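To start, the structure itself, in structure tokens.
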Amino acid sequence: LGAARRRPELLWRPSRSALAGLARLQVAILVGVADLVRPGGRLVYSVCTFPRAETDAAVRAFLAKRPDFSPLELPGPEGPASSYRLWPHRHGTDAMFYAGLRRA
């Protein structure tokens, strides 16, 4: 969905159930790679979409499943933060989300 500024037809395709499935998939991917991060290591979660279920909520769900991870501040267009949402009308990019995570 993040490329909707270039391909507006993307906004008309997904159903609510498809979006819910994508959100579950995002969390499963994060959980699946978590063991590959060494203690003290960093993980950056980045998606080219904007629904909260696949962005902020996915990170919260991951953190609930993996308490050995915590938010990590990253540089961003408005200063350091643990997550950022980029918008076409503000940042001149596709819609993007990224979050920093650190393993204890």
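In this note's numbering, each residue's number is its place in the sequence shown (first place is 1) plus 68. Using N, Cα and C, we set each Cβ at its ideal position, and we do this for glycine too. Owing to the predicted nature of the structure, the values given are computational and were not obtained by experimental measurement.
Query, Result
"Contacting residues, own chain, Cβ-Cβ under 6 Å from residue 70 (five flanking each side not counted)", "Interpretation of residue 70 is limited by its pLDDT of 48, a score under 50 that renders its predicted location unreliable; no figure is taken from the coordinates."
"Proximal residues to residue 95 (C-beta, below 7 Å), its chain only, five neighbours per side dropped", "126, 129, 130"
"Alpha-carbon to alpha-carbon, residue 107 and residue 167", "18 Å"
"Ordered list of beta strand (DSSP E) runs contained in the stretch 91-168, each at least 3 residues", "110-115, 137-140, 151-154"
"Spatial distance of residue 92 from residue 171 (CA atoms)", "21 Å"
"Whether residue 151 touches residue 143 by CB criterion (9 Å)", "no"
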